[in-house]
Amino acid sequence: KTYHSRGCVLYNRRAFPNALADFQKASKLDLTNDYARFYSWLIQARLGKKETATKRLRAYLENRKTRKPDDWPSQIGLFLVGQLNESEFFKTAVNADKKVETERQCEAYFYAGTRRLIEGDRTTATVYFEKCLTTGKADFTEYQSATEELKFLRAPQQP
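Basically the working numbering = 1-based index in the sequence shown + 70.
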């Protein structure tokens with residue numbers, strides 16, 4: 071938990087190599103920590119190692135025994151590795167329980183926004199990060215990360 075939490079703080083500060091080390095340590099200490107693996111994928115993809123990150127996350131998802139293969143974290147993982155397209159991913163966030171749906175939307179908009187950012191689509195990334203914040207799930211790490219991404223995106227760009 072400590073490594074995961076510190077990894078989130080470092081990620082939000084854009085200290086990606088240090089954040090990656092913490093998320094990898096969190097993954098080793100808790101083999102069922104899906105979200106540490108998701109953030110590891112995001113960081114590696116941002117650092118130009120998307121192919122390696124995708125192979126690792128895909129292998130983890132194939133061997134994941136902790137939950138059902140169609141649970142929400144699986145959907146996030148499948149989206150990140152490209153086995154679920156964006157519109158399908160957003161559809162999987164829909165839930166009869168509106169609280170659950172809002173939580174899933176918070177996460178979905180963050181992960182989709184970050185993927186768009188990695189692909190160089192700052193405009194759509196900004197829209198998705200804004201939608202993440204409209205969920206009001208301020209206690210979610212994804213919400214906090216979306217907040218920091220928006221600060222970065224809105225800051226004057228360095229030449």
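Where is the CB? At the ideal position from N, CA and C, for every residue including glycine.
Using a C-beta cutoff of 8 Å, does F210 count as contacting chain C?
-> Although the question refers to chain C, the structure presented lacks it and comprises just one protein chain.
Three-way DSSP call (helix, strand, coil) for Q114 in this model = Stepping through the sequence shown from its first residue, residue 114 is reached at position 44. DSSP places Q114 in helix when its eight states are reduced to three.
Tell me whether the beta-carbon of L203 lies closer than 8 Å to the beta-carbon of A216.
-> Locating residue 203 in the sequence shown gives position 133, where the first residue counts as 1. Locating residue 216 in the sequence shown gives position 146, where the first residue counts as 1. Against a cut-off of 8 Å, the Cβ pair of A216 and L203 comes out as a contact.
Alpha carbon of Q114 to alpha carbon of A123, nearest angstrom = Position 44 of the sequence shown, counted from the start, is the residue given in the question as residue 114. Position 53 of the sequence shown, counted from the start, is the residue given in the question as residue 123. Whole-angstrom Cα-Cα distance: 6 Å.
What residue does the alpha helix (DSSP H) around P226 start on, and which one ends it?
-> The count along the sequence shown starts at 1 and reaches residue 226 at position 156. It is not in any alpha helix (DSSP H) - P226 carries neither H nor E in the DSSP assignment.
With C-beta atoms as the reference, is T184 less than 8 Å away from L117?
-> Residue mapping note: residue 184 aligns to position 114 of the sequence shown, counting from 1. Residue mapping note: residue 117 aligns to position 47 of the sequence shown, counting from 1. Not in contact: T184 and L117 (Cβ atoms no closer than 8 Å).
Tell whether a beta-carbon distance below 8 Å holds between Y213 and K207.
-> Counting from 1 along the sequence shown, the entry for residue 213 is found at position 143. Counting from 1 along the sequence shown, the entry for residue 207 is found at position 137. Cβ atoms of Y213 and K207: closer than 8 Å.
Measuring alpha carbon to alpha carbon, tell me which of K71, V79, I188, R128 ends up nearest E218.
-> If you number the sequence shown from 1, residue 218 lands on position 148. Taking only the C-alpha atoms, the option nearest E218 is V79.
For L99, count neighbouring C-beta atoms within 10 Å of its own C-beta (all shown protein chains included) and say buried if the count is 16 or more, exposed if not.
-> For the purposes of this step, residue 99 is taken as the residue at position 29 of the sequence shown. Exposed, because fewer than 16 other Cβ atoms sit within 10 Å of the Cβ of L99.
Flag this pair as yes or no: are the beta carbons of A163 and E171 separated by less than 8 Å?
-> Indexing the sequence shown from 1 puts residue 163 at position 93. Indexing the sequence shown from 1 puts residue 171 at position 101. Cβ atoms of A163 and E171: closer than 8 Å.
Roughly how many angstroms lie between the CA atoms of S144 and P226, to the nearest whole one?
-> Here the question's residue 144 lines up with position 74 in the sequence shown. Here the question's residue 226 lines up with position 156 in the sequence shown. If I take the Cα positions, the gap works out to 36 Å.
Helix, strand or coil at Q153 [DSSP, three-state] | Here residue 153 refers to the residue found at position 83 when the sequence shown is read from its first residue. In the structure shown, Q153 sits in coil (DSSP, three-state: anything other than H, G, I, E or B).
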